[in-house]
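71 is the number of the first residue of the sequence shown in our numbering; add one for each residue after it.
To start, the structure itself, in structure tokens.
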Amino acid sequence: LGIYGYRAGFIRRYVTWQPSPLEHIEMLEQLRVLWYGEKIHVAVAQEVPGTGVDTPEDLERVRAEMR
Numbered sequence: 071l072g073i074y075g076y077r078a079g080f081i082r083r084y085v086t087w088q089p090s091p092l093e094h095i096e097m098l099e100q101l102r103v104l105w106y107g108e109k110i111h112v113a114v115a116q117e118v119p120g121t122g123v124d125t126p127e128d129l130e131r132v133r134a135e136m137r
């Protein structure tokens, strides 16, 4: 699971950049960030994330758990 957080100023710059050659090959938009000299910070989660919500049934299950 990857969660990305961006500042608004970064997003304004990012959308002006052309995709990098490696991004085209690997199909990973994160490679554009590195290509243009920016950094990606990584942290390891201290707890296992909860289950995903991918279907209407999953959403109902989570809603029931939150009641």
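All C-beta atoms in this analysis are idealised placements derived from N, C-alpha and C, irrespective of residue type, glycine included.
Source: prediction; values computed, not measured.
- Annotation for Glu99: no alpha helix (DSSP H) segment contains it, and DSSP assigns it neither H nor E.
- With 16 or more other CB atoms across the displayed protein chains lying within 10 angstroms of its CB, Val103 is buried.
- For Tyr84, the enclosing alpha helix (DSSP H) stretches over residues 78 to 84.
- Fewer than three pairs of CB atoms, one per stretch, sit closer than 8 Å, so the segment 107 to 117 makes no contact with the segment 88 to 97.
- For Val123, the CB contacts under 6 Å within the same chain, skipping 5 residues up- and downstream, are Leu129, Val132 in chain order.
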